[in-house]
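Written below as structure tokens is the structure these notes are about.
Chains as they are written, first to last, in this note's numbering: chain B, 1041 to 1771; chain E, 1041 to 1771.
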């Protein structure tokens, strides 16, 4: 059976199409079950039944037919009444009298939750997938297919699930010219040039993938926004996208450029308190909702990194956000206002600014405004402490923004599973209301009883055939959706599901691959920024090591600003003797981070300037520990590559090869990170390498001369690159 | 049988993979024959036999197995000896004693030609595919598969073929940042960032497609080149591409930036007569050939549109080209030196310059230099006369450059088949040696006995799943390869083959589709630039109409420079009373173009400034004719869309839909071109519209206000776009 598809594929000249495991099908491959497994599903999924004729019910039936036909290797029919035992009935109490009669526990599941239950109806054993809306049933259908995809028993199902977070969004940093800022998977999937006349069929597969993991919204353009997206022509293009995503329960949102009233509205100002400006936004909102009745709302990056904002007019973030909120409110739209702000004047400590700017305005934002806070106070580093804003604004809707695309984590070629990073954030305890006031409880609204909740992930999706630029980066897209649905989900369980769905259910494969994934983030931390270091990447590209960089546009863009390494030691003193950023946390947390001995070693240099001679837990000096962490990081990447190589017989050639190639690149880079970082910090510390430690392969000047022109993801028009002198491109 | 693949595909969950006719497989789909057709191929292609074990022989066997297995819907085996009747034996007299014994007429076919013959060996009827090299046999194998794909008899084959042009190249205008200048099919397929560690498997399919139509070289980066491509790191990346393309007979070439010795070599000058510069290029060539033993050579755009060149140092194009030629000669490399040059000082008539610059240097170029001349004297317009350089330089290798990507022909969304345009050029008579001295004879070398011949096409290939941004643009890639192999091939025959290979062999489909294709170029000429008009597109983007544009960087970038419309008439006087460009042609041609009455009407305004009241062949005045041509053009696009709509039952959904959507865009644009052009020229002529002609839908000011920000293909870093005022984006 397992060989059959290929043989037939060959026989029908579909070799390249069928044989190529190119990653396009993501975790929705629906490959036929192995014979033994198949036996376990006799009498399950014999037909698909629905009484609803909505667009969503139609795509739900299609997905169940596609999935069951593939998994069970036989044609499964869809109809509107139960004809055989093993039928899969889906719907809502409203559109299905049968489901209504079953009195399933749907009361508290909201519009998106679902119940999946095996039961007997009119003497027939069937599976019921029920929601309060067709969307809930769609989510349940994907969940039901996952049961079979992962080979779990399907004959006595009783699954109840509902999302803990209301808005589960992908933020696309896609530009209108097709480039993607911090995108490492090719051009944008949004084909602006040919919209609205032509909508790429790929957007349907994009919607399927998102719906399968519960993502219910997409911001389709970059937060560094062009006002052009708000013009009539582009609204028509966005409407065509919205029409395509709608059946899958996905709403479209737009990034709004604060100065749009000037740039496309021809107004003299964008002052949020100016009546003409407020009227312009109101009319603009009306225009958008006329074209897109279920438009989600605006995402705004204001007064940050040179973007326009209310402060340009002496107004506050609340003034700006509320103006847009008032324009959207009549239509039920929301404003996601980013807390990632820092002024042009460099402050004592950049990471304190988001808190300083927003804490004072707690309670000043409209109900349909949600402040979108990055997981850490800096910028998506391999490791940061959680942002002090979580828990600090009980009267303000507070959402979490994470970065799925790996801007600071080796782009698409380093294997780094982000589940553990996000779980670490979610489980961080803010102590806002005493112990176990976790970030997760802020995000799901339970801590302060917020109605409007949000988890946003900066997309890693592009037009590359495998969507994400690598197979394993698909896992980060998958994990994001799963965690947004349930912030307390386990990163390990999610990885285990993903491996089964993406590759196969062979334990000889799943166990080591899940192991690779779960260890990968800590390994990246070690070869890039161990012990609480941050932002040591070369400027602009953020790819390779640049701990020596001190000439960026402003001090707080420089790696040296963050490491603060000198002859005496290394690290950023954020205690009372330093920037006192610790004081932004609640006392229990602040106390822990204030003392060297109670600060977790993995955040040591984030909070403290530590003498090179300081003894860490291992008993080594800080200097020796730093060197050995870098060295471990490199060694463990070689081990990852070795583990992967052994799995070759268990994985299709194409996906095995591209991943092996990526690991080769990661090995090269981990060595580079280790050697360059040690070479630089040794030049600062003046200390000898610990006994037995290999010296860097090259001199510091060699590493300083390296450059990464044309590093991807610096997308968007306007960037000019000059080739470096030949000798500087030896990496 | 025809339904089977889908059913099975469904049964194995390969729906999306197998069902999706997304265009990826181009003209190599190898779908199973219809039952009746199948009967005609009993006893043909029962097995694949080869005695050679070269990399090329291996991919040839793979292709024959893939193709025959698909077409004949059964598993075809490959071996090294003939076991059954119906075997397909391929190879060379050197690697196959059987082929040697057959004494096939291979003497005059060169290294790339082939013989395909049905004959009997040791009592078995077999098909022999023979070449003087494995590459010849590979070309023959693709040709043999085409016989079956197009349902031609395969039991009495006697085919002999060899390419008429030596270098059949794709010029990629791909930038190192992944963008493509004048590319309309997504990002570059060359994944520079992950090379050399990872080579995309897509490059193998790229190589298969090129080999199937005889393309034997690729310039992999933009003529507006970055010197970085010549650095060590990038040479290693290029070598990985070369290794992938080599088995398919495709050599890699590079664009060479003339100032590279300064930019990456740290020399003070790039003077081609400077010994240090000459030494630098010689060493660079040695370095490249060390990594790529069969490297093809350099393509150079010098002293053109701001690119550096020998004239920066008071040297000639010959000095520059010969310096590079001397560096490459020891390794057998060639220099392709572009004749597309025009100085910074605007001359009397820009189109005269290539001739003026190069004619004087006839005979001054090295044997391994070939001057690459665009088909027309301007720049890839919908219609131009052939360049006067063809035939004018008997002692200089002269190659032809055409543009496959449709920079001036509606990008990827207008259905325009370029076969007729290229055939028109090939069949143009230069009279260089009296009548029938066609451009084709210059290109194939027969007119002057040139050894080094070239046809180069600016690629329309990108990372879009369908390669070219539309299905019908695949036909232009296909036609380019076929015409480069045989410059006298018929555009209609090529279109007929392409339709059969790409869609199916149903005459109800092939006849109307070939009709659409063959008429499409003349239709585009009519709605864009009828009667010999040229360069009326909006500046920079080159997409929409901009006949009024007069503010470009320099006069000869302005549409008004080319149309020269005024109260008295329209057109560019290039006779003795004007720029006298006609004098660059041989007398017979010059005479014809000098006189209004003998100038072909489709070039009228290219050569003459003609009074609005002039009577053309139709008996109409020029003004009335101009208006009716635009109007016809628009009407015929509507007719094209109507024809296509009727074909829906005969074409798979995905390829039908995307093409229908593109035609909707083309209808919108043809109307825009017609209305905007008439609105403008009427403002100049002051004449009324002919009776019964619809007035433009909007005022001239409306059309002037239109803009196409983010028009694709203006790729490459350094371009900044400002959104226009909202009211200017109503198109």
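Beta carbons are placed, not taken as given, at the ideal position from N, Cα and C, and that holds for glycine.
Within the same chain, show all residues whose beta-carbon is closer than 6 Å to that of residue 1569 of chain E, passing over the 5 residues directly before and after it, in chain order. Closer than 6 Å at Cβ, skipping near neighbours: 1422, 1576.
By the three-class DSSP mapping on this structure, what secondary structure does residue 1672 of chain E have? DSSP places residue 1672 of chain E in the helix class (H, G or I) of the three-state scheme.
Give me the DSSP bridge partner(s) of residue 1169 of chain B. DSSP output for residue 1169 of chain B lists B:1130, B:1156 as bridge partner(s).
Where residue 1399 of chain B falls: helix, strand or coil (DSSP): Assigned with DSSP and collapsed to three states, residue 1399 of chain B falls in helix.
Nearest-angstrom Cα separation, counted from residue 1217 of chain B out to residue 1066 of chain B: The alpha-carbon atoms of residue 1066 of chain B and residue 1217 of chain B are separated by roughly 26 Å.
So, are the CB atoms of residue 1477 of chain E and residue 1484 of chain E less than 8 Å apart? At a Cβ-Cβ threshold of 8 Å, residue 1477 of chain E and residue 1484 of chain E do not count as neighbours.
What residue from E:1664, E:1240, E:1099, E:1675 has the CA that sits closest to residue 1060 of chain B's CA? Cα-wise, what sits closest to residue 1060 of chain B is E:1240.
Report all residues from its chain with a CB closer than 7 Å to the CB of residue 1428 of chain E; omit the five preceding and five following residues, and keep chain order. For residue 1428 of chain E, where only same-chain residues beyond five positions count, the Cβ hits under 7 Å are 1395, 1417, 1624, 1625.
Chain-ordered neighbours of residue 1438 of chain E on chain B, where CB pairs are closer than 9 Å: Taking a Cβ-Cβ cut-off of 9 Å, residue 1438 of chain E has no neighbours in chain B, whose nearest Cβ is about 32 Å from it.
Enumerate in chain order the residues of its own chain whose CB-to-CB distance from residue 1124 of chain E is below 8 Å, with the five nearest sequence positions on each side excluded. 1086, 1087, 1164.
Closer than 7 Å by C-beta to residue 1656 of chain B: which residues in its own chain qualify, once you throw out the five before and the five after it? Chain order, please. Same-chain partners within the cutoff: 1641, 1662, 1665.
Residue 1705 of chain B versus chain E: which residues are under 9 Å apart at the beta carbon? What residue 1705 of chain B touches in chain E: 1234, 1237, 1238.
Would you say residue 1052 of chain B lies against chain E (beta-carbon separation less than 8 Å)? With a pLDDT of only 33 at residue 1052 of chain B, under 50, the local geometry of the prediction cannot be trusted, and no value is derived from it.
If you draw a straight line from the C-alpha of residue 1753 of chain B to the C-alpha of residue 1220 of chain B, how long is it? Computed Cα separation, rounded: 6 Å.
Kindly give me the distance between the Cβ atoms of residue 1202 of chain E and residue 1149 of chain E, rounded to whole angstroms, as I take these residues to be in contact under 8 Å. Rounded to the nearest angstrom, the Cβ distance from residue 1202 of chain E to residue 1149 of chain E is 4 Å, consistent with a contact under 8 Å.
Anything in chain B within Cβ reach of residue 1750 of chain E, meaning under 9 Å, just list it in chain order. Within chain B, the C-beta atoms nearer than 9 Å to that of residue 1750 of chain E come from 1215, 1216, 1217, 1218, 1232, 1233, 1266, 1268, 1757, in chain order.
Counting only Cβ-Cβ distances shorter than 7 Å, please list the residues of the segment 1688 to 1701 of chain E near chain B, keeping chain order. Residues of the segment 1688 to 1701 of chain E whose Cβ lies closer than 7 Å to any Cβ of chain B, in chain order: 1694, 1698, 1701.
Counting along the chain, where does the beta strand (DSSP E) carrying residue 1258 of chain E start and finish? 1257 to 1259 is the extent of the beta strand (DSSP E) around residue 1258 of chain E.
At the level of alpha carbons, what is the spacing between residue 1290 of chain B and residue 1462 of chain B? Going from the Cα of residue 1290 of chain B to the Cα of residue 1462 of chain B covers about 23 Å.
From the DSSP output, read off the bridge partner residues of residue 1214 of chain B. Looking at the DSSP output, residue 1214 of chain B sits in a beta bridge with B:1220.
Please name the residue, chosen from B:1723, B:1207, B:1157, that lies closest to residue 1183 of chain B on a Cα-to-Cα basis. The option with the nearest alpha carbon to residue 1183 of chain B is B:1157.
Roughly how far, in whole angstroms, is the beta-carbon of residue 1376 of chain B from the beta-carbon of residue 1439 of chain B, given that I think they are within contact range, below 8 Å? Residue 1376 of chain B to residue 1439 of chain B, Cβ: 7 Å. Contact.
Following the continuous beta strand (DSSP E) through residue 1410 of chain E, name the residue where it begins and the one where it ends. Counting along the chain, residue 1410 of chain E sits inside the beta strand (DSSP E) bounded by residues 1409 to 1414.
Inter-residue Cα distance where the pair is residue 1126 of chain B and residue 1695 of chain E: So the two alpha carbons sit approximately 37 Å from each other.
Find the nearest neighbour of residue 1580 of chain B within the set B:1228, B:1345, B:1612, B:1271, judged by alpha-carbon distance. Residue B:1345 is the option with its Cα nearest to residue 1580 of chain B.
Quick one: residues in its chain with C-beta nearer than 7 Å to the C-beta of residue 1014 of chain E, no 5 flanking neighbours on either side, listed in chain order? For residue 1014 of chain E there is no data in the structure shown, the boundaries of chain E being 1041 and 1771.
Would residue 1499 of chain B and residue 1445 of chain B qualify as a contact pair, given that the criterion is a beta-carbon distance under 8 Å? When the beta-carbon positions are compared, residue 1499 of chain B and residue 1445 of chain B come within less than 8 Å of each other.
Using the rule of at least 16 other Cβ atoms within 10 Å of the residue's Cβ for burial, across every protein chain shown, is residue 1048 of chain E buried or exposed? Per-residue confidence for residue 1048 of chain E stands at a pLDDT of 36, beneath the threshold of 50, marking its modelled position as unreliable; no derived number is given.
Quick one: any contact between the segment 1180 to 1196 of chain E and the segment 1224 to 1238 of chain E, if contact means 3 or more CB pairs under 8 Å? Proximity of the segment 1180 to 1196 of chain E to the segment 1224 to 1238 of chain E falls short of the contact definition, fewer than three beta-carbon pairs being nearer than 8 Å.
Quick one: what does DSSP say residue 1198 of chain E is sitting in, helix, strand or coil? Reduced to three states, the DSSP call for residue 1198 of chain E is strand.
Give me, in chain order, the residues of the same chain whose beta-carbon lies closer than 7 Å to that of residue 1436 of chain E; leave out the 5 immediate sequence neighbours on both sides. Scanning its chain for C-beta atoms nearer than 7 Å, with the 5 sequence neighbours on each side dropped, one finds around residue 1436 of chain E the residues 1402, 1403, 1405, 1411, in chain order.
Pull up the CB-CB distance for residue 1602 of chain B and residue 1574 of chain B, whole angstroms please, since I reckon it's below 8 Å. The Cβ separation is near 5 Å, so the contact holds.
So which residues on chain B does residue 1241 of chain E lean against when the C-beta distance must stay under 7 Å? Within 7 Å Cβ-Cβ: 1694.
Whole-angstrom distance between residue 1143 of chain B and residue 1135 of chain B, CA atom to CA atom: One C-alpha to the other measures close to 14 Å.
Cβ-Cβ separation, residue 1398 of chain B to residue 1357 of chain B (assumed contact under 8 Å), whole Å: Contact between residue 1357 of chain B and residue 1398 of chain B holds: CB atoms are separated by about 7 Å, below the 8 Å threshold.
Give the DSSP-derived three-state secondary structure of residue 1689 of chain E in the structure shown. Note: residue 1689 of chain E maps to helix in three-state DSSP.
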